[in-house]
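Structure record follows, encoded as structure tokens.
Residue numbers (our numbering): 13 to 366.
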């Protein structure tokens, strides 16, 4: 059981104009477009009148755009089989507001295209490609959003037949599960499980791949390397850390916690007294926190989720530094490399020589 409730406008005027330019390339007859959010609410039971009133208040956060009436519709949802960050937070808010009947709230974007003629399947496909991110979203038929709420039973763990099939079983699992394990990592896993006298499960291999990934371990930055055949004594990370050793003044903490801390200044800070519970000003040092966050989505491939991952990691790690910082303001910038896809050079990919 689910509800489909209209929401506010989904595009700023700037983003709308950019999208119109993109769509005109494949649909010259396009006159105008509008986009609005649509809330898809999965229910365990029908809502009472009071519960529906609370739900409507929760989902009221902006005016709706005009409706064309006679238009071509496209419904873009989060990728099937996933739970969007927006959904997890919205569903939690609903439950905390006493809406125990709400199992999940998801948000789709409904695009309305004002065109003269009915679109052909080829035109619809070309438009759909420009309306969604294939990595994180799905385009559904307008009247059918049930695939979003399909509940699949968790698949049982699978055993990789290492002892029976040898190394080939690990190689096949590495490919089929998309683990991206290197040869030496596969060597390590083969030796370890043979010593244990048992076969690994797909769950164990996935856990190893994630915990031992470059994102988590920074293996490349900690690896040995050479220039013109001459081995270097320091790692790349060692070179980065050397700046702290050469200029330690003002550094309180670096490379030991979720973020680095440098000396700030003494000022009045509005804090809660842990004993009385009362808020008030007291003088104490206000140090500055610095954080570099890495994430696995190159921004040009998945710009909005990639940027959200970076900024979310910044907030999380700065708040978890020391005994827990109390963030008042922050400054965030993004620096990303070019994709450099052969035969697919992008306009912004200027060669700066580094």
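Virtual Cβ for every residue (Gly too), placed ideally from N, Cα, C.
Would you tell me roughly how many angstroms separate the C-alpha atoms of residue i and residue j, rounded to the nearest one?
i: residue 299; j: residue 343; result: 14 Å
i: residue 207; j: residue 213; result: 15 Å
i: residue 21; j: residue 163; result: 30 Å
i: residue 106; j: residue 363; result: 49 Å
i: residue 215; j: residue 19; result: 39 Å
i: residue 263; j: residue 318; result: 30 Å
i: residue 9; j: residue 233; result: Because residue 9 is not part of the residues shown, which for the chain are 13 to 366, the question remains open.
i: residue 158; j: residue 229; result: 40 Å
i: residue 127; j: residue 78; result: 16 Å
i: residue 189; j: residue 195; result: 16 Å
i: residue 278; j: residue 341; result: 16 Å
Out of the options, which has the shortest C-alpha to C-alpha gap to residue i?
i: residue 337; options: 243, 272 and 323; result: 272
i: residue 132; options: 157, 172 and 41; result: 41
i: residue 223; options: 252, 192, 241 and 246; result: 192
i: residue 138; options: 35, 278, 331 and 339; result: 35
i: residue 171; options: 194, 205, 190 and 140; result: 205
i: residue 285; options: 54, 295, 261 and 256; result: 295
i: residue 302; options: 274, 189, 65 and 328; result: 274
i: residue 81; options: 47, 58 and 142; result: 47
i: residue 141; options: 156, 335, 123 and 129; result: 123
i: residue 187; options: 59, 217, 357 and 291; result: 217
Here's a check: name, in chain order, each residue in its chain whose Cβ is nearer than 8 Å to the Cβ of residue i, leaving out the five neighbours to either side.
i: residue 179; result: 198 and 202
i: residue 169; result: 213, 214 and 215
i: residue 153; result: 87
To which residues of the same chain is residue i closer than 7 Å at the C-beta, ignoring the five residues directly before and after it?
i: residue 244; result: 237 and 238
i: residue 314; result: 145, 147 and 148
i: residue 51; result: 17, 19, 71, 117 and 119
Do we get a CB-CB distance below 8 Å when we pair residue i with the residues of chain B?
i: residue 150; result: Among the chains in the structure shown there is no chain B, since it carries only a single protein chain.
Reducing DSSP to helix, strand and coil, say where residue i ends up.
i: residue 362; result: coil
i: residue 195; result: helix
i: residue 173; result: coil
i: residue 352; result: coil
i: residue 91; result: coil
i: residue 97; result: helix
i: residue 103; result: helix
Sorted by chain position, which residues of the same chain lie with C-beta nearer than 6 Å to residue i's C-beta, five sequence neighbours on each side aside?
i: residue 102; result: 117
i: residue 150; result: 89, 91 and 92
| Of all the beta strand (DSSP E) runs that stay within the bounds of the stretch 112-166, which reach a length of 3 or more residues? | 114-126 and 149-152
| said: Give the list of continuous alpha helix (DSSP H) stretches no shorter than 4 residues that lie fully inside the stretch 273-335. | reply: 315-331
| message | Runs of 4 residues minimum, wholly inside the stretch 22-89: which ones carry the alpha helix (DSSP H) assignment? | response | 25-36 and 61-70
| Residue ranges of each beta strand (DSSP E) within the stretch 177-249, 3 or longer | none
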